[in-house]
Structures are given as C-alpha cells and as structure tokens.
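Undergrad: The structure that follows is given in the form of structure tokens.
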Amino acid sequence: MVSDNSARSATLMTASHWGPGRAVVENGRIVNVSGHEDDPDPSPINGNIASSLNGRARVLRPAVRESWLRDGPGRAAGRRGAEPFVEVSWDRALDLIAGEVTRVRGQHGNGAIFAGSYGWSSAGRFHHAQSQLKRFLNTVGGFVASEGNYSYNAALVLMPHIVGNFRQHVKEATRWRSVARNGELVVMFGGVPLRSAQVGAGGVYRHRLRADLEACRQAGVDFVSISPYRNDAAQSLQAEWLAPRPGSDTAIMLGLAHTLLVEGLHDQAFLDRYTVGFDKLRSYLLGQEDGQPKDAEWAARQSGLDAERLRALARRMAASRTLICTAVSLQRGEHGEQPLWATVTLASMLGQIGLPGGGYGIGYGSEAHIGTMDRPVGWPSLPQGDNPVKDFIPVAMISDMLLNPGQGYDYNGEKRVFPDVRLVWWAGGNPFHHHQDLNRLREAFQQPETIIVNELNWTATARHADIVLPVAAPQERCDFGAGTQDNALIPMPKLVDPPAEARCEYDIYCDLAARLDVLDAFSEGRSSEDWLRHMWQRMTQTALAEDIRLPEWDEFITGQKAVEFPDRAPEHVFLGDFRADPRANALPTPSGRIELYSQVIAGFDYADCPGHAAWLPPREWLGNRNDPDLLHMVSGQPATRLHSQLDNGDYSRSRKVGGREPVLINPADAQARGIADGDIVLLHNDRGRCLAGAVLTEDIRPGVVFLWTGAWYDPDLSDPQHLDRHGNPNVLTHDWRTSRLSQGPAAHSALVRLARFEGVAPDIRVFDQPDIRSADSVD
Ligand SMILES: Nc1nc2c(c(=O)[nH]1)N[C@H]1C(S)=C(S)[C@@H](COP(=O)(O)OP(=O)(O)OC[C@H]3O[C@@H](n4cnc5c(=O)[nH]c(N)nc54)[C@H](O)[C@@H]3O)O[C@H]1N2
Ligand SMILES: Nc1nc2c(c(=O)[nH]1)N[C@H]1C(S)=C(S)[C@@H](COP(=O)(O)OP(=O)(O)OC[C@H]3O[C@@H](n4cnc5c(=O)[nH]c(N)nc54)[C@H](O)[C@@H]3O)O[C@H]1N2
Ligand SMILES: [Mo]
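Numbering (the UniProt record's numbering), first residue to last: 1 to 779.
Here's what the structure looks like:
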C-alpha cells in the first residue's frame, strides 16, 4: 500500500533528522538520496544514506556472542567486544531474550534491567526505537531509565533553578527575524555553526538559519565570535573572531560583567525589577570574597585574550542592542553550569532580556529550529505506558552505574544510589560513540550478565553486546516524520525491504510480547499499519482544531507532499511577556525572578557548583597544563554525518584523511611536531590513544586540536591501550561530570598529546562484518 516497489525506478520522499530527501529507488535498492527541492539549504548528509544502507556493516541476522551462547549469562571479563558471534534463527534469539527477561525479573526484579538506552535513533513518529523498547518493557514490569541528555544536561538541571525549563528556553528563543529588525550586535560564545544547524531532532522540512543569519548581516547587525574555531561563524557574517582558551568562557563573561559594573554600564533598574541576588554577584565580581577582582586583566589571563579588547567589547555590548548566544558545547565541559549562569548574569546586567533582538539565547546553531521555528501543535507519538520502576540514573553515569552498583552519588540536591543492573538493553543509541573514556566504558560493559543491542549496523556497541538484533532502517519501513520543533508532517513511505533477516522493531516486540503473554497490552491489537492510521487519525483532529484539513492517510503516504503548518510567532522574543509584566508572568523559580544567586543551589553545598556564577577552572585545560606539549582537544559535532550515524556512508568517508577521522591542527603546533597536512597522527593521553588524519589550518587556535565526534570506534585489542585505529575522540576524553548538580557529560575539557604516526597504519575493520561463526561450531 505504501510504495510501488515494482516500478524499476522511482523517486520517493523520505525524512531524517537532517531534513527531507528524495530517494531514487531502482530494482528494490536505494541508489541515491538528495535534498528535497522545497528545502532552500538541504543537508549534504543525505549523501551517506544509500551507501550506508547498502554497506557491508549491516547486521543481517540475529547473532549471539559465542561464549554467552555456550555458557549462558554472566560477567564477561574482557570477552565482550573481543569474541566472535554466532548467527541464530529469530525464534532462537527471541526465546533466549524472553528467557533472560523472565530470569532477571524473577531473580532480581525489574530494577535490575537498564533500558535508559540513550541515543538519537532515527526520525519517524511511530518507529522510534527508545519508545518501542520502553513500551515493551513497561508491559513486563518496567526498567531503570536514564534522565537528561548528552547535549545539554547542565542546562536541563541548572536552568529551572535560575530562569525556567530549558526546553522551553530553546523553543521560545528570540527569533533571528527579531534580531534582523531590532538588533545591532550578536556576541556568540562557541559561534552559531551552520554545520550543526543541519540537524533538528525528528526532522526539519526547510533549513532557514543560513538565510535568517544573512538577513541579520544585511540589516547591519555585527557579529563577534568567541570560539577556538573560526568556522563556528559563517563566513558571510564577517564576524570578528576572538579565539580564547577552550573552557575559559565563564572567566570572559565575568570579566565583561566586571567592566560593566565598575564603569556603571549595568542596568540597575532591570536588576532590581527582574532578578534576585545581584548583591552577591557584585561582591564576587569586585573580589570582596576571594580577594580577586574579576577584572578584564584577570579575564585576559585566564582566556589568553587581550584585556583592552574585552573592555571595549563590554562597552560596545552596553551601547548596542545586543544578543548573547551561548553554544551548548560550552556546558559540555567541567563546571558546564557556569558559562550558562554567567550568560544569564551578563545579559541581566545589560538589561535587554525580553527586548526585541536583545537578551540572550542558549543553543542557537545546535539545532536547525532554534531562533527560526517552533512547533505550532503537538505531534502524536507512540504511548510508552507507565514504568513501575521509578529508579533512574543521570544519563552520563552509565559507566559509574555499571562499575559501582550500590554506591551513593549526589544529583541536583538528592542523595541517590546506583542500582545493581544485570541486563542492559540498548536500542537507537551508540554509547561506544557517545560516552566519554571508552576504555572505561569497555570495562563497565563487562559487568552485566546480559547485553542486548538492536542495531542497523555492527557498531562498536553491537560488537560489545551478547545478543544483537538486526533492525530495519527508516527507509525500510513506513512512518511519518515531524521534527520536535518543526512545522511540517513528512511522509516516510517504505522504499525498500530490509536486508536479509532484519525486521521492524515493533514486530520483534510483538513476537516477544506473545512469548511473555503480554501481546494485547503491548500491541492493543494493532499492527504497525493500524498504529500509523490511529496516530494519523489523532493528528487529523489536532490539525482540524487549527483549521487545517489533513489528507487521508493513504493519500498522504503515497502523495510525496509534506503538510506545513503556519509559523505562529515569526518575531518571537524570549521572555518578552516576563519583561512586560513580571508579576503576572512570574518565572517558575522560587523567587519568580531570574536568580543570579540561588539559595536552593547554595543550600546543596556543592563545592563544584556554588550559589552564583563563578569561575571554577577545569582540571584539564590550557591554563594549567604542566607540560607545553599538551594540547586541548575539542570534539565537536561532525559536518558530514549525525554523530556516528552513517559514518560508513560515501559522504562521511570522502572527508576522511588516510581513511581516518580528520583532526584540525594549527600549523604552528604541527610544525613543532614534524606533522604535515595529510599525515596520519597519533593522539594520546593516560586514558587511551587513537589515530587520526592531520588537517593543518589557521582556523583553529594554536594549542587546540579539533577532532570530530562519531568515527566508529575501532580498537586494536592487542594494544595495551586498545589503540583506536579510526579516530574516536572519546578514547581520550575523561569520564568526569560537569558537577554534582547536574552530573552532565564534560567531554570538551580534555588535554592530549599529538605525534606523527610512524610505521604502517593498520586497516580500519569496523566498516566490515565482525567475526561471525556458523551455529554448528558451537551447538
Ligand atoms: N567527545 C564528545 N562526545 C560526545 C559529544 C561531544 O560533543 N563530544 N556530543 C554528545 C551528544 S550532544 C550526543 S547527542 C551524543 C549522540 O550519541 P548517539 O545519539 O548515541 O549517537 P548516534 O550516532 O546518533 O547513535 C544512534 C544509533 O542508533 C542507531 N539507529 C538509528 N535508527 C535506529 C532504529 O530505528 N533502531 C535502532 N535500534 N537503532 C537505530 C544508529 O545506527 C546509531 O548507531 O554524543 C555525545 N558524545
Ligand atoms: N552536522 C551535525 N549537526 C549536529 C550534530 C551532528 O552530529 N552533526 N549533532 C547535533 C546535536 S545532538 C547537538 S547536541 C548539537 C550540538 O551543538 P554544539 O554543542 O553547539 O556543537 P559542537 O560542535 O559540539 O560545538 C560548537 C562549537 O563550540 C566550540 N567550542 C568547544 N568548546 C568551546 C569552549 O570551551 N569555548 C568556546 N567559546 N567554544 C567552544 C567548538 O569550536 C565547536 O565547533 O549539534 C547538533 N547538530
Ligand atoms: Mo546532542
């Protein structure tokens, strides 16, 4: 009913987190996916889809790790990730899983099952991997969940204390159109990279940011980019570039705040009316607590920037309608709460919060929609049901949890205890890409008795599992797409069949639910097509309330046309209503105002997150390197893919250097180490080592190397440090948290060493099948 696969060649619509695509299907195979003609700025990431789906890394049949199949569940003592797999029939795999779920529930309870299963999975409202897994496990007693995300955990936990819900911040960010019309100056910490704005969770029908930013520039808005990497600001913005030491932004912001204060440029009336706690800040800025005024000279010493330039910038910010943009990357470092709180503090002192084109925003550029669009109505989703297990971990504590069952930890004012997890089930995420300190994670992954992973590809995570289930890709099943902050519904017809024995996850869970006698509770008697029609029916009602008539499902899914909803607030101003009437529109903070000092947070008594914005240097940064040989590694989002997704695709691979992930090196740092452009290099520290391909560029600050995230982890286990042959930065990052407040990941503060790699570089193996044996050799 959904697509006409019988035609020898057809061009059909598909959707992904990076936008809609036109897929060319020939003889039951996708041969190309390109951007959609309605999209003014389509993402080249589409260029990976066909080659990745047809690639050699697909999981083709259910597979079980050899000694798990022979000996049953148990700790793995280094064998996970090192052993061959045995392919088994679906019946056998599902019997094993049903038996294991029953065993763990019976012996240890559902609190021993972890399905926090973080990750972006794929676009599509129904076939959302985590929702499917959670719904299934909720029908059999629940699971330990995870809370927060890797993107902006510090913001999720801190912002409700000081301003309000962070997701609301992002949704209601001041629009670029308001900046174009009213703004004069945009000061960006970490830039507003067009590279990362290719992506919007769940999908983005039209990429608007490039045009919106250019409109600001054309209207005369000036941009300043404070970032170690020049390209974090689009060239067309002609931004002034200040390249500080990574991790020093809080000091810079406090230095700017100090200049405002001592020169009387701060807006006392705004501070009095809309904030609490400025007195504490004032004494901190003046050094009355610690004897250290946070003046421009002090900020310059921390950041490596020029003191006079910082003073001039503070004056200019006070004299202009200024928007401060802080990238979420800043809060993915140690004490990542502080640049957020310092942003709010600095913007409050400027007094422009709630004014058109002014104030502050966090995460502009981290997604396509921020400042460009907001979802006008709610989209339907698959209900996950209720989880009877209330236990969870902050998302980035996965290794901590697995290595320390029963141990206590702090989190946002709570004292919590890690559960004793026996069964881990991951669907739609790749912790062996996303988590920090992969050698530690490898150790942690030996602890559970069983690990199940549902995957499209033999990622490093699949290779560290006991049971791997092959699943269908978005183009191999029928669905509809709608970005969480987008304004369009996009048809996602099934374009081709899944390869070999890969299946839709919904059907897998139905078969498992039948084995566990919960099929009715899981499926409610619906097939996946029934669910899609049911969800579309609900969507039709929602749309009608907005006077929008949706086509019938069959017409929509075959019709190759998206449905767009009108943009309700094209010039929205963040906190405009609060500014207009701070009593009627009080913030959801204890005081109802912006909390420059939080009694609640101060009451937690965390040395790593005091009661107001403060400069707490990271343990690893250029300001305290004891050896000039050390470099600061930034590991930002890759231009050529989404995280680790489709890294085996043609477009991602076309940018590799010598087959390795590119690392950006300043020519001065390269020269000092005898490294030439295109060389294979070795990055290393006490935690691990990896190869990468050298790209020499003046666009990166001296002393900093930039290694993109997401290269599929490819360890050589015969090497004592498990040399990653490919270039995943997380073999080098530490597994420390932002602070006890939010326990967020802190990947961006890591020091590394760099050398030319001598000798013959080993082949990359992770894009091929792992060692798979036939069942006969074990049975
Ligand atoms: N060093 C460092 N590390 C970082 C970051 C950083 O800046 N620096 N950034 C962090 C951030 S912000 C994030 S969000 C994370 C991202 O981390 P992840 O979200 O874990 O990364 P993805 O590569 O998107 O992983 C998604 C996985 O789901 C699989 N998948 C896709 N669709 C489906 C499906 O339908 N079903 C199933 N079962 N699987 C599917 C894909 O094949 C892929 O392996 O990384 C974090 N890690
Ligand atoms: N193409 C593509 N787009 C993506 C993603 C992807 O994988 N691929 N991932 C998406 C996701 S899940 C997220 S959360 C967002 C993340 O969005 P961001 O967090 O904004 O993205 P990053 O690339 O990690 O960081 C942006 C820039 O911050 C700068 N930076 C790093 N550390 C510092 C610092 O200490 N100080 C200053 N001033 N600058 C610093 C780096 O130069 C980097 O280029 O991106 C999203 N967009
Ligand atoms: Mo993210």
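Glycine included, each C-beta is placed from N, C-alpha and C at the ideal position.
1. Could you check if Y414 is buried or exposed, using at least 16 other CB atoms within 10 Å of its CB as the buried criterion?
2. Check for me: the alpha helix (DSSP H) holding T540 runs from which residue to which?
3. Could you spell out where the alpha helix (DSSP H) holding L438 opens and where it closes?
4. Buried or exposed for N626, going by 16 or more other Cβ atoms inside 10 Å?
5. Check whether the Cβ of S151 lies closer than 6 Å to any heavy atom of ligand 3, and answer yes or no.
6. I'd like the span of the beta strand (DSSP E) that includes S146, first residue to last.
7. Since C504 contacts R477 with CB under 8 Å, what's their CB separation in whole angstroms?
8. Which whole-angstrom value is the C-beta distance of G183 and G358, which I expect to be below 8 Å?
9. I252 to A614, Cα distance in whole Å?
10. Does the distance from the C-beta atom of I764 to that of D716 stay below 7 Å?
11. Do you know whose CA, among F706, P762 and Y597, lies nearest L281's CA?
12. Between which two residues does the beta strand (DSSP E) harbouring C690 extend?
13. Is Y364 a contact residue of ligand 2, with contact defined as CB to any heavy atom under 6 Å?
14. Evaluate L346 with the Cβ neighbour count: other Cβ atoms within 10 Å of its Cβ, from every protein chain shown; 16 or more gives buried, anything less gives exposed.
15. Report yes or no: do the region 422 to 429 and the region 440 to 453 share at least 3 C-beta pairs separated by less than 8 Å?
16. Measure the C-alpha to C-alpha separation of P419 and G406 and round it to an integer number of angstroms.
17. Quick one: residues in its chain with C-beta nearer than 6 Å to the C-beta of G385, no 5 flanking neighbours on either side, listed in chain order?
18. Can you tell me which of the three DSSP states S52 falls into?
19. Less than 6 Å separating the Cβ of G695 from some heavy atom of ligand 2?
20. Does the beta-carbon of R311 have 16 or more other beta-carbons within 10 angstroms, so that it is buried, or is it exposed?
21. Excluding the 5 residues flanking R753 on each side, which residues of the same chain have their C-beta closer than 8 Å to its C-beta?
22. Grouping DSSP H, G and I as helix and E and B as strand, with all else coil, what is D627?
23. Can you find the residues in the same chain that come closer than 6 Å, C-beta to C-beta, to H127, ignoring five residues on each side of it along the sequence?
24. Using the C-alpha atoms, what's the distance from A500 back to L60?
25. Using a Cβ-Cβ cutoff of less than 6 Å, which residues in the same chain neighbour D577 once the five nearest sequence positions on both sides are dropped?
26. Below 6 Å CB to CB, which residues in the same chain sit around L516 once its five sequence neighbours on both sides are set aside?
27. According to DSSP, simplified to helix, strand and coil, what is M373?
28. With burial defined as no fewer than 16 other Cβ atoms inside 10 Å of the residue's Cβ, what is the status of P431: buried or exposed?
29. Name the two residues that bound the continuous beta strand (DSSP E) containing E240.
30. Check this for me: beta carbons of S43 and W18, under 7 Å apart or not?
31. Under 8 Å by Cβ, that's how I've got G74 and I49 pegged, so tell me the actual separation to the nearest angstrom.
32. Would E297 pass as an interface residue toward chain D - the criterion being a Cβ-Cβ separation below 7 Å?
33. Taking L456 as the reference, which of A129, A15 and G106 has the closest Cα?
34. Could you work out which residue in G47, K561, H369 and L732 is closest to T640 when comparing CA atoms only?
35. Sorry if obvious, but does the Cβ on S227 come closer than 6 Å to a heavy atom of ligand 2?
36. Pull up the CB-CB distance for I550 and M539, whole angstroms please, since I reckon it's below 8 Å.
TA: Taking the coordinates as given:
1. Here the question's residue 414 lines up with position 414 in the sequence shown. Position check: residue 414 holds Glu in this sequence, whereas Tyr was assumed. Exposed is the call here.
2. Against the sequence shown, residue 540 aligns to sequence position 540. T540 -> alpha helix (DSSP H) spans S528 to A545.
3. By 1-based counting over the sequence shown, the position of residue 438 is 438. Taken as a continuous stretch (DSSP letters only), the alpha helix (DSSP H) holding L438 covers L438 to A444.
4. If you number the sequence shown from 1, residue 626 lands on position 626. Residue environment for N626: exposed (fewer than 16 other C-beta atoms within 10 angstroms of its C-beta).
5. Counting from 1 along the sequence shown, the entry for residue 151 is found at position 151. Yes, since a heavy atom of ligand 3 falls inside the 6 Å radius drawn around the Cβ of S151.
6. In the sequence shown, residue 146 corresponds to position 146, counting from 1. S146 -> beta strand (DSSP E) spans A145 to E147.
7. Position 504 of the sequence shown, counted from the first residue, corresponds to residue 504. Position 477 of the sequence shown, counted from the first residue, corresponds to residue 477. Between R477 and C504 the Cβ distance is about 5 Å, and since that is below 8 Å, they are a contact.
8. For the purposes of this step, residue 183 is taken as the residue at position 183 of the sequence shown. For the purposes of this step, residue 358 is taken as the residue at position 358 of the sequence shown. Their Cβ separation, rounded to whole angstroms, is 7 Å, which keeps G183 and G358 in contact under 8 Å.
9. Numbered from its first residue, the sequence shown carries residue 252 at position 252. Numbered from its first residue, the sequence shown carries residue 614 at position 614. Rounded to the nearest angstrom, the two C-alpha atoms are 11 Å apart.
10. The residue labelled residue 764 in the question sits at position 764 within the sequence shown. The residue labelled residue 716 in the question sits at position 716 within the sequence shown. Taking 7 Å as the Cβ cut-off, I764 and D716 do not qualify as a contacting pair.
11. As a first step, residue 281 must be located in the sequence shown, where it is residue number 281. Of the listed residues, the one whose Cα sits closest to L281 is Y597.
12. Against the sequence shown, residue 690 aligns to sequence position 690. Element bounds for C690: G688 to L696.
13. Indexing the sequence shown from 1 puts residue 364 at position 364. For ligand 2, not one heavy atom lies less than 6 Å from the Cβ of Y364.
14. Residue 346 sits at position 346 when you count from the first residue of the sequence shown. With 16 or more other Cβ atoms within 10 Å, it is buried.
15. yes
16. Translated into the one-based positions of the sequence shown, residue 419 becomes position 419. Translated into the one-based positions of the sequence shown, residue 406 becomes position 406. So the alpha carbons of these two residues sit roughly 6 Å apart.
17. Mapped onto the sequence shown, residue 385 falls at position 385. R135 and N138, listed in sequence order.
18. Here residue 52 is taken as the residue at index 52 of the sequence shown, counted from 1. Helix, per DSSP.
19. To locate residue 695, count along the sequence shown from 1; it is residue 695. Per the sequence shown, residue 695 should be read as Val rather than Gly. Because no heavy atom of ligand 2 lies under 6 Å away, the Cβ of V695 does not count as near it: no.
20. Indexing the sequence shown from 1 puts residue 311 at position 311. Buried, because 16 or more other Cβ atoms sit within 10 Å of the Cβ of R311.
21. Numbered from 1 along the sequence shown, position 753 holds the residue referred to as residue 753. D629, L630, L631, L683, H684 and N685, listed in sequence order.
22. Looking up residue 627 in the sequence shown gives position 627. Looking at D627 - three-state DSSP - the assignment turns out to be coil, as it is neither helix nor strand.
23. Along the sequence shown, one-based indexing puts residue 127 at 127. Once the five neighbours on either side are set aside, the close Cβ partners of H127 are R477 and D479.
24. Taking the first residue of the sequence shown as 1, we reach residue 60 at position 60. Taking the first residue of the sequence shown as 1, we reach residue 500 at position 500. Going from the Cα of L60 to the Cα of A500 covers about 5 Å.
25. As a position in the sequence shown, residue 577 is number 577, starting the count at 1. Within the same chain, D577 has close Cβ partners N585.
26. Counting from one through the sequence shown, the residue named residue 516 turns up at place 516. If we look at L516 and ignore the five residues flanking it on each side, its Cβ neighbours are A98 and V140.
27. Here residue 373 refers to the residue found at position 373 when the sequence shown is read from its first residue. If DSSP states are grouped into helix, strand and coil, M373 belongs with coil.
28. Reading the sequence shown from its first residue, position 431 is the one you call residue 431. With 16 or more Cβ atoms within 10 Å of its Cβ, P431 is classed as buried.
29. Indexing the sequence shown from 1 puts residue 240 at position 240. Element bounds for E240: E240 to L242.
30. In the sequence shown, counting from the first residue as 1, residue 43 sits at position 43. In the sequence shown, counting from the first residue as 1, residue 18 sits at position 18. Yes, the pair counts as a contact, with Cβ atoms nearer than the cut-off.
31. By one-based count along the sequence shown, residue 74 stands at place 74. By one-based count along the sequence shown, residue 49 stands at place 49. At roughly 39 Å, the Cβ-Cβ gap does not stay under 8 Å, so G74 and I49 are not in contact.
32. Note that chain D does not occur in the displayed structure, where there is just one protein chain.
33. Along the sequence shown, one-based indexing puts residue 456 at 456. Cα-wise, what sits closest to L456 is A129.
34. For the purposes of this step, residue 640 is taken as the residue at position 640 of the sequence shown. By alpha-carbon distance to T640, the top candidate from G47, K561, H369 and L732 is G47.
35. Taking the sequence shown and counting its residues from 1, one reaches residue 227 at position 227. Checking every heavy atom of ligand 2 against the Cβ of S227, one is found closer than 6 Å.
36. On the sequence shown, residue 550 is found 550 positions in, with the first residue counted as 1. On the sequence shown, residue 539 is found 539 positions in, with the first residue counted as 1. Looking at the sequence provided, one finds Leu at residue 550 rather than Ile. Contact flag correct, Cβ pair sits at about 6 Å.
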